[in-house]
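All remarks here apply to the structure that follows.
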Amino acid sequence: MKKLVVFMSVMLMTVTSVAQKLEVCKTCAITTVQAAITQAKPFDTIIIRKGIYKEFDLNVDKPLTIIGKNQPVIDGELKGEIITITSDNVAIDGLIIKNVGTSYTSDYAAIRVKRSKNFTIQNVVLEKLFFGIYIERSNDGKILNNKIIGDAVEEYNSGNGIQLWYSKNIQIEHNVVQHVRDGIYLEFSDFCTIKNNLSSLNVRYGLHFMFSNDDVYENNEFSNNGAGVAVMFSKRIKMYNNLFKDNWGTASYGMLLKEINDAEIIGNTFHDNTIGINIEGSNRIIYKHNNFRNNGWAIKVRGACYTNTFTENNFLYNSFDIAYNSNVNDNTFDRNFWSSYTGYDLNKNGIGDIPYRPVKLFSYIVNRTPETIILLRSMFIDIIDFSEKVSPVFTPDDLMDNNPLMKKATW
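So, in structure tokens, the structure goes:
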């Protein structure tokens, strides 16, 4: 065993001792990035000096560290994909990459990682792109502190900012993604962490993922996107302390949940969205310590949602707190604060003495006849909502918060 340890130490020292730095600049011995990649040995470091390098279809097929000094530009001149990583243990740091080619048969990317592991992409600026960073069948990577700014106008001719496909254990942190189709997109990608990112002003979704399990989304901002965030066909998702705001439009929402099971949605803020959360076919989800403020609908439940719990959330000044398209309820609402609650607390224990019914008859009517929204502030609506509260007919008679908070929940 000792001999093996000594042998491995010697091998590591040998690799370290022979690793070298190659410099790329207009007056250097190496003047192109492609030449540096070709000449480099495994585990070498390539230093790219300030300048504009008109290159594309660069294949990093060996373990390398590629570092840009003073933000050198790699300009693909709209000819195709720019950098493709096909080796383990590759790091890219400090580059500006722009002018990715557009193709409707190939998803050209500024940086593609293909069947690799232990990669790092950080401090990179991507501009004038089709796809930004595309991770394909790759594991154990980091995407950190990058700025991805597209110029997407329509869905059909634009790509995503950061895309994961059949990948695992990827960290996506402290990135800014704007003006692309979907800011961050995951498909068949498990055990990933998405933290402290800003995804805004995108044509479709700030975040979109499907068939991806055991992922964590924390402290991100998703704002001013076409349709907010879509979370679909996934299990055991944890979404903590995210901000969903200013996602407005006839088919827009802060977040869409479709076929999501056994998830946790805790500590998030939804404000100024057409719909805070749009839910369909999602079960056993914990909604706790979330703020819903100034949305059209705070939560819209479209059906087939069972055994969900809504506890200690704040519903503040939404046009409608809860919309429900069924008169049967299997979900629990308890100890939430409702700004429209008009009950009393005679024993001063902080809990309202009468239950609160968050589903109004008018929200039921608007679901079926959207044009009636123009009657929202009329006295007629107050009358029919009061009559439904006294004697429920159309809304679930057991959907109520039996312990409504008298003051905003704090945590």
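With my numbering, letter number 228 in the sequence shown gets 981, and the count goes up by one each step, no holes.
Ideal Cβ positions, reconstructed from N, Cα and C, are used throughout, including at glycine.
Owing to the predicted nature of the structure, the values given are computational and were not obtained by experimental measurement.
If you follow the alpha helix (DSSP H) that Q787 is part of, which residue opens it and which one closes it?
Numbered from its first residue, the sequence shown carries residue 787 at position 34. Note, Q787: alpha helix (DSSP H), 786-792.
Using alpha carbons as the reference points, say which of L1069, G847, V853, P825 lies closest to T837.
For the purposes of this step, residue 837 is identified with residue 84 of the sequence shown, where counting begins at 1. Here the closest residue by C-alpha is V853.
Nearest CA to the CA of I849: which residue from Q792, K815, V843, E808?
In the sequence shown, residue 849 corresponds to position 96, counting from 1. Closest option to I849, Cα to Cα, is E808.
Quick one: what does DSSP say V906 is sitting in, helix, strand or coil?
The residue given as residue 906 occupies position 153 in the sequence shown. For V906, the three-state secondary structure derived from DSSP is coil.
From the DSSP secondary-structure annotation, give me the bridge partner or partners of I801.
Against the sequence shown, residue 801 aligns to sequence position 48. For I801, DSSP records a beta bridge to V777, G821.
Residues sharing a beta bridge with L1069, DSSP
Residue numbering aside, residue 1069 sits at position 316 when the sequence shown is read from its first letter. In DSSP, L1069 forms a bridge with R1046.
Segments of 3+ residues assigned as beta strand (DSSP E) that fall wholly inside the segment 835-866:
Within the segment 835-866, the complete beta strand (DSSP E) runs of at least 3 residues are 836-838, 844-846, 849-851.
Tell me whether the beta-carbon of F997 lies closer than 8 Å to the beta-carbon of F1023.
By 1-based counting over the sequence shown, the position of residue 997 is 244. By 1-based counting over the sequence shown, the position of residue 1023 is 270. The answer is yes: Cβ separation under 8 Å.
Reducing DSSP to helix, strand and coil, say where M1153 ends up.
Counted from its first residue, the sequence shown places residue 1153 at position 400. DSSP places M1153 in coil when its eight states are reduced to three.
Exposure label - K1160; buried when at least 16 CB within 10 Å
Here residue 1160 is taken as the residue at index 407 of the sequence shown, counted from 1. Residue environment analysis places K1160 among the exposed positions, since fewer than 16 neighbouring C-beta atoms fall within 10 angstroms of its C-beta.
Please determine if the segment 1072-1085 and the segment 1094-1105 are in contact, where contact requires at least 3 C-beta pairs separated by less than 8 Å.
They do not touch, by the three-pair rule.
Could you tell me whether the Cβ atoms of V982 and L960 are closer together than 8 Å?
Locating residue 982 in the sequence shown gives position 229, where the first residue counts as 1. Locating residue 960 in the sequence shown gives position 207, where the first residue counts as 1. Yes, they are a contact pair.
So, is A1004 buried or exposed, given that buried needs 16 or more other C-beta atoms within 10 angstroms?
Looking up residue 1004 in the sequence shown gives position 251. A1004 should be labelled exposed.
Chain-order list of residues whose beta-carbon lies under 6 Å from that of N955 (same chain, five-residue window excluded)
By 1-based counting over the sequence shown, the position of residue 955 is 202. For N955, same chain residues with a beta-carbon under 6 Å away, outside a window of 5 residues either side, are V933, G936, N978 in chain order.
Could you check how far apart the C-beta atoms of F737 and N1071 are, in whole angstroms? I think they sit under 8 Å.
Look at the range of the chain in this structure, 754 to 1164, and you will see that residue 737 is not part of it.
So K774 and G804 are supposed to be a Cβ contact under 8 Å. How far apart are they, rounded?
Reading the sequence shown from its first residue, position 21 is the one you call residue 774. Reading the sequence shown from its first residue, position 51 is the one you call residue 804. Cβ-Cβ separation between K774 and G804: approximately 17 Å, too far for a contact (criterion under 8 Å).
V771 (DSSP reduced to helix, strand or coil):
For the purposes of this step, residue 771 is taken as residue 18 along the sequence shown, with counting starting at 1. Looking at V771 - three-state DSSP - the assignment turns out to be helix.
Euclidean distance between Cα positions of I1137 and R1110:
By one-based count along the sequence shown, residue 1137 stands at place 384. By one-based count along the sequence shown, residue 1110 stands at place 357. Low confidence applies here, because I1137 scores a pLDDT of 49, under 50, leaving its location unreliable; read the following figure in that light. Taking the Cα positions, I1137 is about 14 Å away from R1110.
Just mark F1133 as buried or exposed, buried being the case when its beta carbon has 16 or more other beta carbons within 10 Å.
Locating residue 1133 in the sequence shown gives position 380, where the first residue counts as 1. A caution first: F1133 carries a pLDDT of 44, below 50, which makes its placement in the model unreliable, though a value can still be read off. So F1133 counts as exposed.
Own chain residues within Cβ distance below 6 Å of A789, not counting five before or after:
What you label residue 789 is simply residue 36 of the sequence shown in a count that begins at 1. Cβ neighbours of A789 beyond the five flanking positions: L775, V777, I783, I799.
From Q1015 to G1034, what does the alpha carbon distance come to, in whole angstroms?
As a first step, residue 1015 must be located in the sequence shown, where it is residue number 262. As a first step, residue 1034 must be located in the sequence shown, where it is residue number 281. The amino acid occupying residue 1015 in the given sequence is Asp; Gln does not appear at that position. When rounded, the distance between both Cα atoms is 12 Å.
Between which two residues does the beta strand (DSSP E) holding I1038 run?
Here residue 1038 is taken as the residue at index 285 of the sequence shown, counted from 1. Neither: I1038 is in no beta strand (DSSP E) and is coded neither H nor E.
Could you please give the first and the last residue of the uninterrupted beta strand (DSSP E) stretch that includes T1085?
Along the sequence shown, one-based indexing puts residue 1085 at 332. T1085 -> beta strand (DSSP E) spans 1085-1087.
One or two residues paired with F962 in a DSSP bridge
If you number the sequence shown from 1, residue 962 lands on position 209. According to DSSP, F962 bridges with L939, V984.
Coil, strand or helix - L811 by DSSP:
The residue labelled residue 811 in the question sits at position 58 within the sequence shown. The answer is strand: DSSP assigns L811 an E or B state.
Cutting at 6 Å between CB atoms, please list the residues of its own chain near L951, excluding the five before and the five after it.
Start at 1 with the first residue of the sequence shown, and residue 951 comes out as number 198. V929, E974, listed in sequence order.
First and last residue of the uninterrupted beta strand (DSSP E) at L879:
Here residue 879 refers to the residue found at position 126 when the sequence shown is read from its first residue. DSSP places L879 inside the beta strand (DSSP E), whose first and last residues are 878-880.
Cutoff 8 Å; reference C945; Cβ partners in own chain excluding five residues on either side:
In the sequence shown, the residue the question calls residue 945 occupies position 192. Excluding positions up to five away in sequence, the list reads L917, S920, K921, N922, I923, Q924, I925, L939, S965, D968, V969.
Thinking V877 and I845 are a contact (beta carbons under 8 Å), I'd like their distance in whole angstroms, please.
Stepping through the sequence shown from its first residue, residue 877 is reached at position 124. Stepping through the sequence shown from its first residue, residue 845 is reached at position 92. So it is a contact: roughly 6 Å between Cβ atoms.
Per DSSP, what kind of secondary structure is Y993 in: helix, strand or coil?
Locating residue 993 in the sequence shown gives position 240, where the first residue counts as 1. Y993: strand per DSSP, three-state reduction.
Can you say whether Y857 is buried or exposed, counting buried as having 16 or more other CB atoms within 10 angstroms of its CB?
As a working note, residue 857 is residue 104 in the sequence shown. Flag for Y857 reads exposed.
Between the C-alpha atoms of F884 and L1009, what's the straight-line distance to the nearest angstrom?
The residue you call residue 884 lines up with position 131 of the sequence shown. The residue you call residue 1009 lines up with position 256 of the sequence shown. Cα to Cα, the separation comes out at about 23 Å.
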